[in-house]
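Counting in the working numbering, the final residue of the sequence shown is number 267, and the numbers go up one at a time with none missing. Here's the structure, in structure tokens; my notes come after.
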Amino acid sequence: MAETNDVIEQVIRPKKGWVPVDFRELWVYRELFAFLAWRDILVRYKQTVFGVLWAVIVPLINMVMFTVVFGHLAGMSENQPDSYYVITYAALIPWLYFSGSLDAGSQSLTGNAAMVTKIYFPRLIIPASVLLSGLVDMVISLIVLGILMLITGTAIHVQILLLPFLIAYAFLIAFGVSIWFAALNAKYRDVKHVVPFIVKVGVMLSPVGYRSAEVPEKWQLLYSCNPLVGLIETFRYSILGPGANGEYIPSGTAVGISVVLTIILVITGLKTFRQLEDQFADYL
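What follows is the structure, encoded as structure tokens:
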């Protein structure tokens, strides 16, 4: 009896519509998504001396640096009712998650070129799994923050109940930006040189070592066009509460702009990613 080899060809075509996501397909590949996320968690600190302690060391070192530069040298820690260490650390948590996700997410497709070029699965799973694994570091940082608050005697407010929603919000911002850069990096390798520059400039244009109120009023609207401003200020508010004089209450304008920009980033990112998805194998 003659043997026949049947070849099944899977053609990836861009989806139509403003939200080109096939959720049913993503659900079918949920186990692969979980596997990739778990793999990223396991290899994140593999063959390192300190291992998972890097999730503690990096934020602490950044906290000390920002406290010295902004708190002491720039004098922003003066007349602060709360510990400047806590103020800075609370802002560093969402920023470090975003910057780490942008770096890893933008390189996720090129780093998994063998998978992308050999087998079919929704490519969106790759950057999404990288971002999900990064949440582990965020949770560890939140535990360290809780210990820091106990040491400094910082009170816990009811606003801390906002944290789960803000973590999801941070994921959406990182997701929207990362899928943009992941798709573009597959086609244009210049992106890997642009991302470090964005991170270096972005930390100065985000309220990490200072509060948004320190920015001159005439620049507030333009400054708020950075979606991380609304996220970081709201994150700090959830940790420290409104403050003695309402100094930690985030600007409604900044939060509103951040939400709108996040929605735009996610929708356009998904659209761009899906349009280029059928060419990833050729680019890689």
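Backbone N, C-alpha and C define an ideal beta-carbon position, used for all residues, glycine too. Keep in mind that this is a model prediction, so the values were computed, not measured.
Contact belief for PHE256 with ILE76 at Cβ below 8 Å, rounded distance in angstroms: As a first step, residue 256 is located in the sequence shown; it is residue number 273 there, counting from the start. As a first step, residue 76 is located in the sequence shown; it is residue number 93 there, counting from the start. That belief does not hold up - the Cβ atoms of PHE256 and ILE76 are roughly 27 Å apart, past 8 Å.
Same chain, Cβ closer than 8 Å to TRP1, neighbours up to 5 away in sequence not counted: Walking along the sequence shown from the start, residue 1 turns up at place 18. Below a pLDDT of 50, predicted positions are generally treated as unreliable, and TRP1, at 48, falls in that range; the measurement from the model is reported next regardless. Once the five neighbours on either side are set aside, the close Cβ partners of TRP1 are ILE250 and LYS254.
Buried versus exposed, by CB contacts within 10 Å (16 or more), ALA(-15): By 1-based counting over the sequence shown, the position of residue -15 is 2. Residue confidence is low: ALA(-15) scores 46 on pLDDT, short of 50, so the model does not pin down where it sits. No coordinate-derived value is stated.
Residue range of the unbroken alpha helix (DSSP H) whose run includes GLU216: As a working mapping, residue 216 is identified with position 233 in the sequence shown. Taken as a continuous stretch (DSSP letters only), the alpha helix (DSSP H) holding GLU216 covers 210 to 223.
ALA227: first and last residue of the uninterrupted alpha helix (DSSP H) it sits in: One-based indexing of the sequence shown puts residue 227 at position 244. Run containing ALA227: none; DSSP gives neither H nor E here.
Exposed unless 16 or more other CB atoms sit within 10 angstroms - verdict on VAL238: Residue mapping note: residue 238 aligns to position 255 of the sequence shown, counting from 1. Flag for VAL238 reads buried.
SER84 versus MET132, VAL69, SER112 and LEU107, residue with shortest Cα-Cα distance: Along the sequence shown, read from residue 1 onward, the residue named residue 84 stands at position 101. If we check each option's Cα against that of SER84, SER112 comes out closest.
Distance, LEU188 Cα to LEU15 Cα: Within the sequence shown, residue 15 is the residue found at index 32, counting from 1. Within the sequence shown, residue 188 is the residue found at index 205, counting from 1. Cα to Cα, LEU15 sits roughly 37 Å from LEU188.
At least 3 beta-carbon pairs within less than 8 Å: the segment 105 to 120 vs the segment 87 to 97: yes
Cβ-based burial, LEU204 [other Cβ within 10 Å; buried from 16]: The residue given as residue 204 occupies position 221 in the sequence shown. That one is exposed.
Unbroken alpha helix (DSSP H) run spanning ASP23, endpoints: Here residue 23 refers to the residue found at position 40 when the sequence shown is read from its first residue. Run containing ASP23: 13 to 26, per the alpha helix (DSSP H) assignment.
Bounding residues of the alpha helix (DSSP H) (the contiguous stretch that carries SER66): The sequence position of residue 66 within the sequence shown is 83, counting from 1. Premise fails: SER66 is in no alpha helix (DSSP H) and is neither H nor E.
ASP261 to ILE240 span [Cα, whole Å]: Taking the sequence shown and counting its residues from 1, the one referred to as residue 261 is at position 278. Taking the sequence shown and counting its residues from 1, the one referred to as residue 240 is at position 257. Between ASP261 and ILE240, the C-alpha separation is close to 33 Å.
Spatially closest choice to LEU131 from TYR67, LEU145, PHE148 and TYR103, by CA coordinates: Translated into positions along the sequence shown, residue 131 becomes position 148. Closest by alpha carbon: TYR67.
Limits of the unbroken alpha helix (DSSP H) element including LYS29: One-based indexing of the sequence shown puts residue 29 at position 46. Here LYS29 belongs to no alpha helix (DSSP H), and DSSP marks it neither H nor E.
Within 9 Å, strictly: CB atoms of PRO105 and GLU200: Position 122 of the sequence shown, counted from the first residue, corresponds to residue 105. Position 217 of the sequence shown, counted from the first residue, corresponds to residue 200. Their beta carbons are not under 9 Å apart, which means PRO105 does not touch GLU200 by this criterion.
ILE222 burial status per 10 Å Cβ neighbour count (16 or more: buried): Counting from 1 along the sequence shown, the entry for residue 222 is found at position 239. When all chains shown are included, ILE222 counts as buried.
Pair within 9 Å by beta-carbon distance, PHE81 and ALA153: Along the sequence shown, read from residue 1 onward, the residue named residue 81 stands at position 98. Along the sequence shown, read from residue 1 onward, the residue named residue 153 stands at position 170. Yes, these two residues count as a Cβ contact at 9 Å.
Residues of its chain near LEU145, where Cβ-Cβ distance is below 6 Å and the 5 sequence neighbours each way are ignored: Position 162 of the sequence shown, counting from 1, holds the residue named residue 145. Around LEU145: SER221.
Of the residues VAL41, VAL69, VAL99 and PHE49, the one placed nearest GLY226, counting alpha carbons only: Taking the sequence shown and counting its residues from 1, the one referred to as residue 226 is at position 243. Cα-wise, what sits closest to GLY226 is VAL69.
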